[in-house]
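Engineer:
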Amino acid sequence: MPILNIHEVNDVRLDPKEPPVPGDKDVVIKVKACGICGSDLTYIKYGGIMRPPGGVTPIGHEAAGEVMAVGSAVQGVSVGDRFAINPMNTPSNIGSGGPEGAFTDQLLVAEARVGDNLLPIPEDVPYEIAAMTEPLSVALHGVNRAQAKAGDKVVVFGCGPIGLGMVLWLVDRGANVVALDLSDERLERAKALGANAVINPSRENVRERLEELHGTAKLLNRSAVGTDAFIDAAGAPNILMDVVGMAKFHARLVVTAAVMKPVELNLGTMLTSEMTITTAMGYPTEMPEVVAALPRLKDKIATMISHRLPLSQVLDGLKIAATPESCKVMIHADEDA
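Take the sequence shown: its position 302, counted from the start at 1, is 300 in the working numbering, and no numbers get skipped.
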């Protein structure tokens, strides 16, 4: 069977591999759909993650599929059951440095546990929507870290798959959402998900536009924008300083993007606003909530999938996923999907 492996920097290949055999505590999943994540592209750029010398890094972690084989000690699982996979709760950390990756036909889930690393998919939810569970859980965790609630004025920087997922959850909560991106196509997707307004920073002054949309607030001897919370899903180096410079009293900023270089921070300005800056990574508790919401939100979620390709064309999918015009690129193991 094929599996997608990173061999070296910018060297990723579909390699042959023997089908997995489950141990007593394991299951084998027939992968039906797996999304391409920005972290997959980053792993390729850096030549893998935790890759042993001369070894490979299998990738792919946004997966859903059907059980093919069940170990004798696994409880509550039968052949044919449908699951979304929580890769962070597997001992092999599927697709992020362990021996398993989900861009394949058959995926071993070690130490399988229903409700933990196996999340049952509702019957009326297609596999590709179920495969969105993982990125949507990342997005929901960011929204939770922002403490966003109904009526809050929230800005989301970046309308890639994670940023758009945040727009989805914020709109679902009843927040007033402004989305920013340099891609007009992605901004159109944000509007389709219910964003109240969008801003392209290449054409508009972000602060002036936010003052129009969210109003202003007085902060000692200076003016601030009326935004309650900001979420950075873009990672541009200027975002932190820009937010600190315009944040109102007790505003909140959550950084979910990977900012790889040090950035300047004006602590004097931040001191007077008493704003909070925190980070969000992964989804320690969110995945079951996301699965439960899939039937209600599946039509909106489907609009986030921009491309669908068979596993045999996953290398083309990686190229597409690196373009600003794409959103979620979904890989189907079934060639006729």
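Where a beta carbon is used, it is the ideal one built from N, C-alpha and C, also for glycine.
Would you identify the three-state DSSP class for V77, choosing helix, strand or coil?
Structural biologist: coil
Engineer: With DSSP collapsed to three states, give me the class of E16.
Structural biologist: coil
Engineer: Throw me the rounded Cβ distance for the K326 and P159 pair, which I believe falls under 8 Å.
Structural biologist: 5 Å
Engineer: Can you tell me the Cβ-Cβ gap for A215 and V252, rounded? I've got them flagged as a contact below 8 Å.
Structural biologist: At roughly 19 Å, the Cβ-Cβ gap does not stay under 8 Å, so A215 and V252 are not in contact.
Engineer: Should L269 be labelled buried (16 or more other beta-carbon atoms within 10 Å of its own) or exposed?
Structural biologist: exposed
Engineer: Exposed or buried, K371, counting other C-beta atoms within 10 Å across all chains shown (16 or more means buried)?
Structural biologist: There is no way to answer for residue 371, as the model of the chain reaches only from -1 to 335.
Engineer: Please state whether the Cβ-Cβ distance between L292 and V123 is less than 8 Å.
Structural biologist: yes
Engineer: According to DSSP, which residues form a beta bridge with L217?
Structural biologist: R220
Engineer: Under 8 Å by Cβ, that's how I've got A24 and V107 pegged, so tell me the actual separation to the nearest angstrom.
Structural biologist: Inspection of the sequence shows that residue 24 is occupied by Asp rather than by Ala. With a Cβ gap of about 6 Å, D24 and V107 count as contacting.
Engineer: Please report the Cβ distance between N194 and N219, rounded to the nearest whole angstrom; I am assuming they are in contact, meaning their Cβ atoms lie under 8 Å.
Structural biologist: That belief does not hold up - the Cβ atoms of N194 and N219 are roughly 30 Å apart, past 8 Å.
Engineer: Take L138 as the anchor and find which of Y281, N91, P0, L217 has the nearest alpha-carbon.
Structural biologist: Y281
Engineer: Can you tell me whether R11 is buried or exposed? The criterion is at least 16 other CB atoms within 10 Å of its CB, across all chains shown.
Structural biologist: Sixteen is the threshold: since fewer than 16 other Cβ atoms of the shown chains lie within 10 Å of the Cβ of R11, the residue is exposed.
Engineer: Let me know the secondary structure DSSP gives H59 once reduced to three states.
Structural biologist: H59: coil per DSSP, three-state reduction.
Engineer: Below 8 Å CB to CB, which residues in the same chain sit around L39 once its five sequence neighbours on both sides are set aside?
Structural biologist: Sequence-distant partners of L39 (beyond 5 residues in either direction) whose C-beta falls short of 8 Å from its own C-beta, in its chain, are L316, A319, A320.
Engineer: Using C-beta distances below 7 Å, list every residue in its chain close to I127, excluding the 5 sequence neighbours before and after it, in chain order.
Structural biologist: L292, K296, I299, A300
Engineer: So who's on the other strand from M328, going by DSSP bridges?
Structural biologist: G33, R306
Engineer: E132 by DSSP, collapsed to three states: which one?
Structural biologist: helix
Engineer: Checking the sheet assignment: what are the DSSP bridge partners for L252?
Structural biologist: The amino acid at residue 252 is misidentified as Leu; the sequence shows Val. The partner list for V252 (beta bridge, DSSP) reads I229, T276.
Engineer: Taking A188 as the reference, which of P56, S200, V65, D170 has the closest Cα?
Structural biologist: Among P56, S200, V65, D170, the Cα nearest to that of A188 is on D170.
Engineer: Is it buried or exposed for L265, if we count other Cβ within 10 angstroms and need 16 for buried?
Structural biologist: exposed
Engineer: Can the beta-carbon of V165 be found less than 8 Å from the beta-carbon of A227?
Structural biologist: no
Engineer: Looking at the structure shown, is R11 part of a helix, part of a strand, or coil, going by DSSP?
Structural biologist: Of the three classes helix, strand and coil, the one that applies to R11 here is strand, per DSSP.
Engineer: Where does the unbroken alpha helix (DSSP H) through K298 begin, and where does it stop?
Structural biologist: Where K298 is concerned, the enclosing alpha helix (DSSP H) starts and stops at 285 to 300.
Engineer: Under the three-state reduction of DSSP, which class applies to T88: helix, strand or coil?
Structural biologist: coil
Engineer: Compare the Cα-Cα distances from S37 to each of H59, V19, R49 and report the closest residue.
Structural biologist: Per the Cα distances, H59.
Engineer: Determine the DSSP secondary structure at L263, reduced to helix, strand or coil.
Structural biologist: In the three-state reduction of the DSSP assignment, L263 falls in the coil class.
Engineer: Check each candidate in G53, K15, A61 and name the one with the smallest Cα separation from G33.
Structural biologist: A61
Engineer: Is it right to say S94 is buried, meaning 16 or more other beta carbons lie within 10 angstroms of its own, or is it exposed?
Structural biologist: buried
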